[in-house]
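Enquirer: To start, I am sharing the structure in question, which I have written as structure tokens.
See the structure below:
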């Protein structure tokens, strides 16, 4: 549109209506501005948005000043044209730069008014017929005004969409924070309850048995010590069970690809891992698979027998994740 109204239309008028340097000057300035727009577009494709917008604004300021100097009668059109880049760029540039662009644009508009006021129209480029000037202004003014309105509407719509997305993200973060607080509180209560009902009771009983053994005679302290030893084993098993239920930090930071090798390294039996292409997934999915593998390794250790080897294989694509756990243990008799 810019190339057509700024370059092709003046050239057509020069060729078909009046051979006036007025048309050639406008076409030349518009051609240079079109070249600036092409360079700015290439910068934008390279994601150099700040440089692209700055180049467009500077080129536009220079172009409207020169065209107004050549043809002061086009002042109304040039005023609107001077506003278009800064109106478009305002949402995409930093606040300080946007303020600077706005002030420069205001100064450019004042300069346009001064040029049109003091430039001697009679001594500018060769005059075109009044009907051509009127037709150009009447056709260009609504186009520029409509373009500004469309840009403002699009920017306002983008702002409303961004505010809606930010509100949704804030609500999601608030809900996620509430869930995390609730989950942490429930986990703390569970640990307190399990420690009180499990390991703590065994340790209290152990302390009582040790006290009894210290005061018991030679014929009684041996059975008491044997019972105390059993309580120690039970307490250790209970603490291990509690530790097994905790969410491992390595799973949070590195996912299954980092947590499963750590589990395999601490397993008492050999474990082979085939985890190529394993990425990050939802926390609930990773936790379920992690504890599933951990439990499978414990079962293989308890029931697999001597020489048992476990193999964990991950198979994932864009939609599914499959974790296969197999072992070479003797298994059990289904009968």
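Residue numbers (the working numbering): 407 to 741.
Ideal placement from N, C-alpha and C gives every residue a C-beta, glycine not left out.
Look at residue 611 and residue 637 and say whether their C-beta atoms are less than 7 Å apart.
Expert: Residue mapping note: residue 611 aligns to position 205 of the chain shown, counting from 1. Residue mapping note: residue 637 aligns to position 231 of the chain shown, counting from 1. A contact, by the Cβ cut-off of 7 Å.
Enquirer: Go ahead and pull the three-state DSSP assignment for residue 734.
Expert: Reading the chain shown from its first residue, position 328 is the one you call residue 734. Reduced to three states, the DSSP call for residue 734 is coil.
Enquirer: Identify, in the order they occur along the chain, each residue of the same chain with its Cβ nearer than 7 Å to the Cβ of residue 667, setting aside the five sequence neighbours on each side.
Expert: Walking along the chain shown from the start, residue 667 turns up at place 261. If we look at residue 667 and ignore the five residues flanking it on each side, its Cβ neighbours are 679.
Enquirer: Pick from 478, 711, 727, 624: whose alpha carbon is nearest that of residue 691?
Expert: For this step, residue 691 is matched to residue 285 along the chain shown. Cα-wise, what sits closest to residue 691 is 727.
Enquirer: Just to confirm my understanding: we take residue 459, look at its own chain, exclude 5 residues before and 5 after, and list those with CB closer than 7 Å. What are they?
Expert: Mapped onto the chain shown, residue 459 falls at position 53. Closer than 7 Å at Cβ, skipping near neighbours: 495, 498, 499.
Enquirer: Would you kindly report the start and end of the unbroken beta strand (DSSP E) that includes residue 719?
Expert: If you number the chain shown from 1, residue 719 lands on position 313. 716–722 is the span of the beta strand (DSSP E), which, as asked, contains residue 719.
Enquirer: Can you give me the C-alpha to C-alpha distance between residue 567 and residue 722, rounded to a whole angstrom?
Expert: Indexing the chain shown from 1 puts residue 567 at position 161. Indexing the chain shown from 1 puts residue 722 at position 316. Near 35 Å, if we compare the C-alpha coordinates of residue 722 and residue 567.
Enquirer: From 523, 615, 641, 479, pick the residue whose C-alpha is nearest to that of residue 633; which is it?
Expert: By 1-based counting over the chain shown, the position of residue 633 is 227. Selected option, being the one with the closest Cα: 615.
Enquirer: Does the Cβ-Cβ distance between residue 645 and residue 605 come in under 7 Å?
Expert: For the purposes of this step, residue 645 is taken as residue 239 along the chain shown, with counting starting at 1. For the purposes of this step, residue 605 is taken as residue 199 along the chain shown, with counting starting at 1. Yes, these two residues count as a Cβ contact at 7 Å.
Enquirer: Does the stretch 506–521 touch the stretch 465–484, meaning 3 or more C-beta pairs lie closer than 8 Å?
Expert: A contact exists between the stretch 465–484 and the stretch 506–521.
Enquirer: Between residue 686 and residue 661, which are expected to be in contact by the criterion C-beta below 8 Å, what is the C-beta distance as a whole number of angstroms?
Expert: As a first step, residue 686 must be located in the chain shown, where it is residue number 280. As a first step, residue 661 must be located in the chain shown, where it is residue number 255. Sure, about 5 Å apart at Cβ, within 8 Å.
Enquirer: Compare the C-alpha of residue 517 against each of 482, 503, 502 and name the closest.
Expert: Translated into the one-based positions of the chain shown, residue 517 becomes position 111. Closest option to residue 517, Cα to Cα, is 482.
Enquirer: If you run the structure through DSSP and keep just helix, strand and coil, what is residue 740?
Expert: As a working mapping, residue 740 is identified with position 334 in the chain shown. Any reading at residue 740 must be qualified, since the residue scores a pLDDT of 48, below 50, and its modelled position is unreliable; no value is offered.
Enquirer: Give the DSSP-derived three-state secondary structure of residue 691 in the structure shown.
Expert: The count along the chain shown starts at 1 and reaches residue 691 at position 285. Three-state result, residue 691: helix.
Enquirer: Please classify residue 642 as buried or exposed, where buried requires at least 16 neighbouring CB atoms within 10 angstroms.
Expert: Counted from its first residue, the chain shown places residue 642 at position 236. Exposed is the call here.
Enquirer: Rounded to whole angstroms, what's the CA-CA distance from residue 555 to residue 682? Just pull it up for me.
Expert: If you number the chain shown from 1, residue 555 lands on position 149. If you number the chain shown from 1, residue 682 lands on position 276. Cα to Cα, residue 555 sits roughly 54 Å from residue 682.
Enquirer: Measuring CB to CB, does residue 733 end up less than 7 Å from residue 710?
Expert: Translated into positions along the chain shown, residue 733 becomes position 327. Translated into positions along the chain shown, residue 710 becomes position 304. Yes, they are a contact pair.
Enquirer: Which residue or residues does DSSP assign as beta-bridge partners of residue 677?
Expert: As a working note, residue 677 is residue 271 in the chain shown. According to DSSP, which records beta bridges pairwise, residue 677 is partnered with 716.
Enquirer: Do the CB positions of residue 731 and residue 702 come within less than 7 Å of each other?
Expert: Numbered from its first residue, the chain shown carries residue 731 at position 325. Numbered from its first residue, the chain shown carries residue 702 at position 296. Yes, these two residues count as a Cβ contact at 7 Å.
Enquirer: Expressed to the nearest angstrom, what Euclidean distance is found between the alpha-carbon atoms of residue 465 and residue 575?
Expert: Reading the chain shown from its first residue, position 59 is the one you call residue 465. Reading the chain shown from its first residue, position 169 is the one you call residue 575. Taking the straight line joining both Cα atoms gives about 39 Å.
Enquirer: Is the Cβ of residue 666 closer than 7 Å to any Cβ of chain B?
Expert: The chain labelled as chain B is not found in the depicted structure, where only one protein chain is given.
Enquirer: Can you list, in chain order, the residues of its chain whose CB lies under 8 Å from that of residue 577, leaving out five sequence neighbours each side?
Expert: Position 171 of the chain shown holds residue 577. So no residue of the chain qualifies.
Enquirer: Taking residue 607 as part of the alpha helix (DSSP H), name the residues at either end of that continuous run.
Expert: The residue labelled residue 607 in the question sits at position 201 within the chain shown. Note, residue 607: alpha helix (DSSP H), 606–621.
Enquirer: Note down, in chain order, each residue of its chain lying with its Cβ closer than 7 Å to the Cβ of residue 706, except the 5 sequence neighbours on either side.
Expert: Taking the chain shown and counting its residues from 1, the one referred to as residue 706 is at position 300. Contacts found: 675, 714, 716, 733, 735.
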